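First up is the structure itself, then whatever we jot down about it.
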Amino acid sequence: MNKKLSSKAIALLSLSLSTTLWGQSFISADLASTSDTVATFGTNLDHTTDQSGLPAGALAAATDATILNISHDLGFDAGIQFVDAPEAGVSTGSTSGTFDYTFNSAVDITDVYVWNYSQSGFGNRGLGDYNIFVDTGSGFGSSIATGTLNAANYVNGSHFAQEIDLGGTHSGVVGLRISALNLGGDSIGLDEVAFRAVIPEPSYYTLFAGSLVLAILAIRKRRS
Ligand SMILES: [Ca+2]
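If you use mature numbering (1 follows the signal peptide of the UniProt record, and there is no 0), the sequence shown corresponds to residues -23 to -1, 1 to 201, in order.
So, in structure tokens, the structure goes:
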């Protein structure tokens, strides 16, 4: 071992290993594509995964206990993705939107968080039925989660996410698709989407390497 590598450096390396091998994080993804019904109003194509409308740094700092306390900004220009026509008085009724989310690298996802949208003054609108598909490398297969999103509900000026549990860890996820129908009305859209990613359990060899570092540290301390 390089003797210039101090015990402090090794200790820091060990600490770094121990803090990155366990836990979870809340992340966004790149919005790869949308259906043509969304593209018609394609001025905000990335606003469901750029954390627009969320407090700065809130997602990165979130924990299991706080993720559902993060409120997205309210209103027409609050970093949203329209699905239905944004013009007042226009309603296409059955408009659906498909959102594909792609990650820059393979991640293990357990939950999806959706901030639904409705224009200010309405508490009963937003995207409705959804299906979630996961592409682990061979294309989008069968839906792994289905249901109906809660209507956007502006209470006391706050607007929180809905959690969708994917029922386990989906490893090697490279894409995710939500196809949803409107609950009704105009100016229907999606505020933001986030994902809960878990860091895999350490393998036997990782644990062995960690033990080796600790053993070397002990030996060096004894010799000094
Ligand atoms: Ca947003």
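We put the CB at the ideal spot given by N, CA and C, even for glycine.
Note that the coordinates shown come from a computational prediction; the quantities given were computed from them, not determined experimentally.
| query | result |
| --- | --- |
| In this structure, does DSSP put residue 120 in helix, strand or coil? | coil |
| Below 8 Å, is the gap between the Cβ of residue 57 and the nearest heavy atom of ligand 1? | yes |
| Between the stretch 82 to 91 and the stretch 138 to 148, can you find at least three pairs of beta-carbon atoms closer than 8 Å? | yes |
| Looking only at its own chain, which residues have a Cβ that is under 7 Å from the Cβ of residue 45, when we skip the five neighbours before and after it? | 137, 138 and 140 |
| Looking only at C-alpha atoms, which of 127, 147, 128 and 102 sits nearest to residue 120? | 147 |
| Does the structure place the stretch 100 to 110 close enough to the stretch 123 to 130 that three or more beta carbon pairs sit under 8 Å? | yes |
| Taking the Cβ atom as the reference point for each residue, do residue 5 and residue 171 lie within a distance shorter than 9 Å? | yes |
| For the beta strand (DSSP E) holding residue 171, just list the boundary residues, first then last. | 166 to 175 |
| Where does residue 83 fall in DSSP's three states? | strand |
| Hey, residue 84 and residue 190: beta-carbon distance below 9 Å or not? | no |
| With 16 other CB atoms within 10 Å as the buried threshold, where does residue 135 fall? | exposed |
| Output the distance between the C-alpha atoms of residue 36 and residue 28, rounded to the nearest integer angstrom. | 8 Å |
| To the nearest angstrom, how far is it from the Cα of residue 167 to the Cα of residue 26? | 10 Å |
| Which residue from 30, 50 and 78 puts its Cα closest to that of residue 111? | 78 |
| Short of 6 Å in beta carbon distance, which residues of its chain neighbour residue 24, apart from the five on each side in sequence? Order them along the chain. | 56, 57 and 58 |
| Taking the Cβ atom as the reference point for each residue, do residue 7 and residue 30 lie within a distance shorter than 9 Å? | no |
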